[in-house]
Every structure is written in C-alpha cells, then in structure tokens.
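Under the working numbering, think of the first position of the sequence shown as 3, with each following residue one higher.
Structure first, commentary second.
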Amino acid sequence: MDDLKKKKISPKFSLLLEKLNKASEKKQMSLLLDHPWDEPIEGVWLKKRENIAIYGTRYYDMASEEERRLLSVYETGAWWYTFIVFENLVSEYYMKIINHGTLKKFPDVVTYMHHFCKEEIVHAMVFRKAMTHFKITPFPIALNLREIYSHNAAMSEFPLKAVYLTILIEWLAENNAMEDCNDKGISVLSRAIAVEHHKEEARHIEWGKNMIREFIDIVPEFIKEAQEITAPMIRSMLDMAVSSLVVYARVGFENRAFRDYNQLITTVVNSENRKKINAVIIAPMMRYFVELGICDPENAENMKIWKENGFEEDVKEAVEYFKRKTDKDLDIDNVMNKNYN
C-alpha cells in the first residue's frame with residue numbers, strides 16, 4: 003500500500019498521541035483501589051430511575067417498586083456483561099493488529115494500542131467483579147460481537163474498519179452508561195464503575211475518532227462501507243439496550259402484561275422517554291458522522307438509510323450545529339472533556 007508507506011502522522015495527531023500515552027503511563031485503573039467494593043447491595047438502584055426501559059410507559063405503573071429496582075440492576079448487569087465480552091474481543095483483535103505489523107511505521111500509535119489493550123483487560127475484570135458483587139450471573143449477548151469482528155473487521159493491510167467498528171460500539175456504550183449511571187442518586191459503586199471506566203474509555207474513543215480522521219485517505223472504500231453499515235448498527239445497539247427478554251424474565255414481573263414480549267418490546271423501544279435518551283446518546287456521534295461524510299445529507303441514497311433507521315431528526319440537529327459553528331468554537335464532542343458532576 004504505497005499511500006501508507008508515504009503517510010506521516012500530522013502534528014495535531016502526534017500531540018494527541020503524546021497526551022494519551024502520558025495519561026496512560028501516569029495512571030491506569032486499579033481493580034482494587036478505584037471503586038467502593040464494600041458498598042452493601044440491599045435495595046440499591048444501579049441506574050437512574052428515569053432510564054429504566056419501562057419508565058414513561060404504561061408498564062411502569064404495572065410494576066412494583068421492587069420490580070422497577072430489579073430492572074435497574076439487571077439492565078445494568080446486561081451492559082456490564084456485554085462490556086466483558088466486547089473488551090476481551092477488542093484486546094485480542096488489537097494485539098493481532100499489533101503483531102501483524104501494519105502499524106509499525108507509527109510507533110506512538112502502537113504504544114497507545116498496547117495501553118488500550120491492557121486497560122480493556124482490567125475493565126473486563128472490574129465488570130466481572132461488579133457482577134459478582136451484586137450477584138448478577140452472565141447474560142446471553144443479543145448482538146453477536148464476535149461475528150462483527152470476524153465478518154466486518156477481518157485482518158486487512160490497514161485495519162481502519164476494525165478501528166471504526168470498535169469505536170462505534172465503545173462510544174455508544176459509553177454515552178449510554180454515562181446517561182444511565184453518572185448520577186449521585188444511584189449506587190455509589192455503580193456510579194464509580196461508570197465514571198472510572200469512562201475516564202479511560204474517553205481516551206480510547208478520542209484515539210479511535212482521530213485514527214479515522216488521520217488515515218481515512220489510506221482506505222478509499224471506507225466511507226462508502228461506513229455509510230452502509232453505520233445507521234443499522236447504531237439502531238440495533240440502541241434497541242438492544244431495552245429489549246433483552248432475559249432481563250425481563252429475571253425480574254419476574256407479576257403482572258401478566260409483561261409476558262406479551264412483542265407488545266412490551268415495541269412499547270419500550272418506541273416510547274417518548276427512550277427517544278429522548280437515544281437522542282442524547284447519538285447527538286455527538288451524529289455530528290462526527292456528518293463531519294466525515296459517513297452521514298451525507300446531500301446524498302439521497304445515504305439519507306434513505308438514516309431515515310429508515312429512525313435518525314432523520316438527529317441528522318437535522320447535527321446539520322444545524324454545523325451551520326452555527328464557527329472556527330473559534332471549541333470541540334464540544336471531545337469525550338475527554340466530560341464533567342462528572
């Protein structure tokens with residue numbers, strides 16, 4: 003790949019890599035020291051009440067207070083288990099990329115990927131420990147993450163698609179976790195897990211976003227592929243967050259209405275409350291998609307895909323943002339600038 007041989011890292015990306023590597027070398031998450039593992043588990047909520055799947059629907063009134071609380075526990079546990087599976091896959095796949103030698107021309111990138119892998123392994127251990135602490139057993143994974151990697155991120159001369167898919171999943175999952183759990187009204191441990199995880203994942207996401215920006219010209223077919231797969235993948239992940247039948251079964255709702263799973267899932271996925279939460283989760287990602295042309299409002303074929311997956315209003319919001327934005331405006335979507343309250 004001649005373009006890759008000629009490629010030089012931009013000064014802006016070099017500065018970011020230096021910052022990321024220094025941050026990882028200075029402090030990485032501790033399995034033992036960064037979380038209040040002595041917190042009692044009786045009666046705790048693991049996510050905000052307003053973010054449980056049934057909030058704002060008729061099912062909320064049908065559930066007892068304890069059933070609502072248990073839903074917060076099992077929904078959060080399902081996300082934790084998804085993270086465990088995903089982060090182990092990421093570590094495995096990124097080590098393959100490193101060993102493949104594709105990126106050896108860019109040693110600072112490789113150094114950060116080593117930090118990335120180590121941090122992901124610790125994250126998975128933290129989530130596993132949290133599940134044990136709250137007595138949550140593993141869940142089936144609705145979205146087959148291993149197939150995403152084997153089918154869509156197979157080893158190529160330059161693994162841009164693999165980096166993109168990884169960041170796509172991490173970014174959405176992090177936005178979701180912070181919306182659910184960055185709140186002082188929930189379990190102190192659950193909030194600490196979300197916040198401490200985000201401090202390192204924010205670096206991973208910014209690295210991935212800028213890897214795409216930096217190397218997009220090396221893989222000319224990337225944009226077209228990303229235009230085709232991004233909207234349906236995002237839709238699947240958003241809906242997956244509230245449509246786990248195993249989660250509902252574990253709560254064991256007494257009201258028989260909860261046994262009509264088709265009606266239950268249709269209701270929670272399409273509720274106004276869920277649409278508002280999804281809009282917050284997707285907003286920074288949509289601005290990134292528009293910036294890169296992954297979402298192209300001028301391309302009718304591409305816009306059809308976004309509309310079919312329910313993102314028409316999100317696209318409009320992103321377009322309006324860029325109409326207002328000036329060169330002096332700061333990057334509002336730098337994930338590392340998160341305020342943890």
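We put the beta carbon where it would ideally sit given N, CA and C, even for glycine.
Quick one: grab the DSSP three-state call for C297. One-based indexing of the sequence shown puts residue 297 at position 295. In the structure shown, C297 sits in coil (DSSP, three-state: anything other than H, G, I, E or B).
Nearest CA to the CA of V292: which residue from A233, R258 and Y250? As a first step, residue 292 is located in the sequence shown; it is residue number 290 there, counting from the start. If we check each option's Cα against that of V292, A233 comes out closest.
Helix or strand or just coil, what does DSSP make of E314? Within the sequence shown, the letter at position 312 stands for residue 314. Three-state DSSP puts E314 in a helix.
Presumed contact (8 Å Cβ cut-off) between Y83 and F141, rounded CB distance: Sequence index remark: in the sequence shown, residue 83 carries index 81 (1-based). Sequence index remark: in the sequence shown, residue 141 carries index 139 (1-based). Right, their Cβ atoms sit about 5 Å apart.
C-alpha gap between R215 and N184, whole angstroms: Start at 1 with the first residue of the sequence shown, and residue 215 comes out as number 213. Start at 1 with the first residue of the sequence shown, and residue 184 comes out as number 182. Counting only the Cα atoms, N184 lies some 29 Å from R215.
Does DSSP put F129 in a helix, in a strand, or in coil? Position 127 of the sequence shown, counted from the first residue, corresponds to residue 129. Collapsing the DSSP output to three states places F129 in a helix.
Which word fits G254, buried or exposed, when buried means at least 16 other C-beta atoms lie within 10 angstroms of its C-beta? One-based indexing of the sequence shown puts residue 254 at position 252. Exposed, since its Cβ has fewer than 16 Cβ neighbours within 10 Å.
Should the segment 19-38 be regarded as contacting the segment 126-136, the criterion being three or more beta carbon pairs within less than 8 Å? Counting C-beta pairs with one atom in each stretch, the segment 19-38 and the segment 126-136 have three or more that are closer than 8 Å, which means they touch.
Assuming H200 contacts M213 (C-beta within less than 8 Å), just tell me the rounded distance between them. Position 198 of the sequence shown, counted from the first residue, corresponds to residue 200. Position 211 of the sequence shown, counted from the first residue, corresponds to residue 213. With 8 Å as the limit, H200 and M213 do not qualify as a contact, their Cβ atoms being about 19 Å apart.
If distances are taken between C-alpha atoms only, which option among N264, Q229 and K28 comes closest to M288? Sequence index remark: in the sequence shown, residue 288 carries index 286 (1-based). Ranking the options by Cα distance to M288, first place goes to Q229.
For I169, tell me which candidate among I143, H206 and A196 has the shortest Cα-Cα distance. Within the sequence shown, numbered from 1, the residue matching residue 169 stands at position 167. That would be H206, whose Cα lies nearest to the Cα of I169.
Is it the case that the segment 186-202 contacts the segment 42-50, given that we only count it when at least three CB pairs across the two stretches are under 8 Å? Flag = yes, the segment 42-50 and the segment 186-202 touch.
Measure the C-alpha to C-alpha separation of A281 and D316 and round it to an integer number of angstroms. Here residue 281 corresponds to residue number 279 of the sequence shown, with the count starting at 1. Here residue 316 corresponds to residue number 314 of the sequence shown, with the count starting at 1. Using only the alpha carbons, I get a separation of about 7 Å.
DSSP state of F355 mapped onto helix, strand, coil: Residue 355 falls outside the range modelled here, since the chain spans only 3 to 343, and no answer is possible.
Exposure of N178, with buried meaning 16 or more beta-carbon neighbours within 10 Å: Along the sequence shown, read from residue 1 onward, the residue named residue 178 stands at position 176. That one is buried.
Can you tell me the Cα-Cα spacing of E20 and K7, whole angstroms? The residue labelled residue 20 in the question sits at position 18 within the sequence shown. The residue labelled residue 7 in the question sits at position 5 within the sequence shown. The straight-line gap from Cα to Cα measures roughly 22 Å.
Give the DSSP-derived three-state secondary structure of N90 in the structure shown. Along the sequence shown, one-based indexing puts residue 90 at 88. DSSP places N90 in helix when its eight states are reduced to three.
Which residues bound the alpha helix (DSSP H) around N53? Here residue 53 corresponds to residue number 51 of the sequence shown, with the count starting at 1. Run containing N53: none; DSSP gives neither H nor E here.
Rounded to a whole number of angstroms, what is the C-alpha to C-alpha distance between R258 and I279? For the purposes of this step, residue 258 is taken as residue 256 along the sequence shown, with counting starting at 1. For the purposes of this step, residue 279 is taken as residue 277 along the sequence shown, with counting starting at 1. Each residue's Cα considered, the two are about 27 Å apart.
Do V244 and V270 have their beta-carbon atoms positioned less than 8 Å apart in this structure? Here residue 270 corresponds to residue number 268 of the sequence shown, with the count starting at 1. Here residue 244 corresponds to residue number 242 of the sequence shown, with the count starting at 1. Cβ atoms of V270 and V244: closer than 8 Å.
Following the continuous alpha helix (DSSP H) through H199, name the residue where it begins and the one where it ends. To locate residue 199, count along the sequence shown from 1; it is residue 197. Per DSSP, H199 belongs to the alpha helix (DSSP H) from V190 to F217.
Contacting residues, own chain, Cβ-Cβ under 6 Å from H117 (five flanking each side not counted): On the sequence shown, position 115 is the one that residue 117 refers to. The answer, listed in chain order, is S26.
Taking the alpha helix (DSSP H) that P182 belongs to, which residues open and close that run? Here residue 182 corresponds to residue number 180 of the sequence shown, with the count starting at 1. Reading off the sequence, residue 182 comes out as Asp, not Pro. D182 -> alpha helix (DSSP H) spans L162 to C183.
Identify which residue in R252, P222, K325 and F88 has its Cα closest to the Cα of L162. Here the question's residue 162 lines up with position 160 in the sequence shown. With respect to the C-alpha of L162, the residue from R252, P222, K325 and F88 having the closest C-alpha is P222.
Do I284 and I236 have their C-beta atoms closer together than 8 Å? For this step, residue 284 is matched to residue 282 along the sequence shown. For this step, residue 236 is matched to residue 234 along the sequence shown. Contact: yes.
Close-in-space but distant-in-sequence residues of the same chain around I143 (CB under 8 Å, 5 per side omitted): As a position in the sequence shown, residue 143 is number 141, starting the count at 1. Y83, T84 and V87, listed in sequence order.
Taking all protein chains shown into account, decide if H125 is buried (16 or more other Cβ within 10 angstroms of its Cβ) or exposed. As a working note, residue 125 is residue 123 in the sequence shown. The residue is buried, with at least 16 neighbouring Cβ atoms inside 10 Å.
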